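>
Protein chains: 2
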Amino acid sequence: MRITKQTNYAVRMLMYCAADRNELSRVPEIARAYGVSELFLFKILKPLVRSGIVQTVRGRNGGIKLGRPAEKITLFDVIRETEDSFAMAECFENDEAECPLVNSCALNSAWREALNAFLEVLSHHTIADLSATRFDIGSRLGLGELRSAARGH
Amino acid sequence: MRITKQTNYAVRMLMYCAADRNELSRVPEIARAYGVSELFLFKILKPLVRSGIVQTVRGRNGGIKLGRPAEKITLFDVIRETEDSFAMAECFENDEAECPLVNSCALNSAWREALNAFLEVLSHHTIADLSATRFDIGSRLGLGELRSAARGH
């Protein structure tokens, strides 16, 4: 049982934006900081932009930033956009399920109840909480150094 | 986010055993009822037998049965045996993680807290609860018919 890589890096991207003291963060820099591809991050950005969690600014000096204060973005908001499915098992996902129990199965509601408890906890954690140690995160992500380098120092 | 197919069918196998009014259930019959391969079910059986959730009886009239009353087997007991890992994201699973935040990440504890809520719910559901509509499940799984056929009716 695990969250997808998409959700994991969506949260990390938002943490980066929250930790970045500049107005706009750049995807190539985020990709470099986390050691993942830009293409992968751009793919994750789509649902985040569509739902307003992230705003994009186009152009040479463009970049991305949080669409609302970090205090107003919960982990539940993020996971809702980035997970493809909350069907806990393939037998509940489509009508072609093989299992003869599919319509009378108490297991369905047990998984659902557990999932709700999981999501309930996530709704109490915000990107702001996760970025509370902002300065430490900023330095670990190399934010200061990158900016200095970009400015030619 | 989803549970593995292993966990899903482990629970279904236990529901089958609980619904089966005979002393022993046979894996080929369970495989046929759920439309999965015997090999797959035998693979899942290993950790269930090792942990005592399932008992096997060898021989021509052998088979499997619950290792203790269905009331004493929770979904948590099962998932603990059948899920390979409870690391919610690959960055917490090994020491080779790329993420520079891995040692200072509040996200780790947020996922962990949510996972604990998920597992807590599962610890309150037993195989007996899931098999409460035992007769309905038995007929849906074709248990009556299979036995009649085996007896030559």
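Taken in sequence, the protein lines are chains A and P. Taking our numbering, the leading residue of the first sequence gets 1, the next gets one more, and so forth. Taking our numbering, the leading residue of the second sequence gets 1001, the next gets one more, and so forth. We put the beta carbon where it would ideally sit given N, CA and C, even for glycine. For clarity, every value in this text was computed on a predicted model and none was experimentally measured.
With a threshold of 8 Å, are at least 3 pairs of Cβ atoms found where one atom belongs to the segment 1104–1120 of chain P and the other to the segment 1058–1069 of chain P?
No: the two stretches stay apart, fewer than three of their Cβ pairs being nearer than 8 Å.
> Go ahead and pull the three-state DSSP assignment for T1004(P).
Reduced to three states, the DSSP call for T1004(P) is coil.
> Compare the beta carbon distance of S1123(P) and T1074(P) with 8 Å and say whether it is the shorter of the two.
Yes, the pair counts as a contact, with Cβ atoms nearer than the cut-off.
> Using only the alpha-carbon positions, how far apart do V54(A) and N1108(P) sit?
Taking the straight line joining both Cα atoms gives about 22 Å.
> Mapping the DSSP letters down to three states, classify I1064(P) as helix, strand or coil.
In this structure, I1064(P) counts as strand in the three-state DSSP scheme.
> Quick test of your reading: V1049(P) and E1038(P), contact by CB under 8 Å. State the CB separation rounded to the nearest angstrom.
Between E1038(P) and V1049(P) the Cβ distance is about 15 Å, and since that is not below 8 Å, they are no contact.
> So, using beta-carbon positions, are T1056(P) and I1064(P) closer together than 8 Å?
Yes, they are a contact pair.
> Any idea what DSSP makes of S1025(P), helix, strand or coil?
Three-state DSSP puts S1025(P) in a strand.
> What is the rounded straight-line gap between the Cα of H125(A) and the Cα of W1111(P)?
Rounded to the nearest angstrom, the two C-alpha atoms are 10 Å apart.
> Please tell me whether A1010(P) has its Cβ less than 8 Å away from any Cβ of chain A.
False, the Cβ-Cβ gap to chain A never drops below 8 Å.
> Drop a sphere of 10 angstroms on the beta-carbon of E1120(P), count the other beta-carbons inside from all chains shown, and report buried for 16 or more, exposed for fewer.
The residue is exposed, with fewer than 16 neighbouring Cβ atoms inside 10 Å.
> Kindly list, in the order they appear in chain A, the residues whose Cβ is closer than 9 Å to that of E1120(P).
Those are A114, A117, listed as they occur along chain A.
> Determine the direct distance from the alpha carbon of I3(A) to that of F40(A), and round the result to whole angstroms.
About 16 Å.
> Taking 8 Å as the threshold (C-beta atoms), are A128(A) and A19(A) in contact?
Result no, Cβ atoms of A19(A) and A128(A) do not sit closer than 8 Å.
> Can you pull the DSSP bridge partners for T82(A)?
DSSP output for T82(A) lists no bridge partner at all.
> Here's the rule: buried if 16 or more other CB atoms are within 10 angstroms of the residue's CB, otherwise exposed. What is R12(A)?
Looking at its Cβ environment, which holds 16 or more other Cβ atoms inside 10 Å, R12(A) is buried.
> Leaving aside the five residues before and after G1052(P) along the sequence, list all residues of the same chain whose C-beta is less than 8 Å from its C-beta, in chain order.
If we look at G1052(P) and ignore the five residues flanking it on each side, its Cβ neighbours are G1067, R1068.
> Run through DSSP, which three-state label would V1121(P) get?
The answer is helix: DSSP assigns V1121(P) an H, G or I state.
> Using CA atoms only, rank isn't needed, just tell me which of S1025(P), L1014(P), A1010(P) is closest to G1059(P).
With distances taken between Cα atoms, G1059(P) lies closest to S1025(P).
> Rounded to whole angstroms, what is the Cα-Cα separation between A1010(P) and V1078(P)?
In a straight line, the C-alpha of A1010(P) is about 7 Å away from that of V1078(P).
> Helix, strand or coil: which one does DSSP assign to V57(A)?
If DSSP states are grouped into helix, strand and coil, V57(A) belongs with the strands.
> What's the C-alpha gap between N1022(P) and K1046(P)?
Spanning the two alpha carbons is a distance of roughly 22 Å.
> Going along the chain, which residues of its own chain have a beta-carbon closer than 6 Å to the beta-carbon of F76(A), five neighbours each way excluded?
Counting only Cβ-Cβ distances below 6 Å, and skipping sequence neighbours, we find L119, L122, S123.
> Are any of the Cβ atoms in chain P nearer than 8 Å to that of D20(A)?
No, D20(A) lies away from the interface with chain P (no Cβ there is under 8 Å from its Cβ).
> Using 10 angstroms around the beta-carbon of N61(A), count the other beta-carbons present and answer buried if the total reaches 16, otherwise exposed.
Exposed, by the Cβ-count rule.
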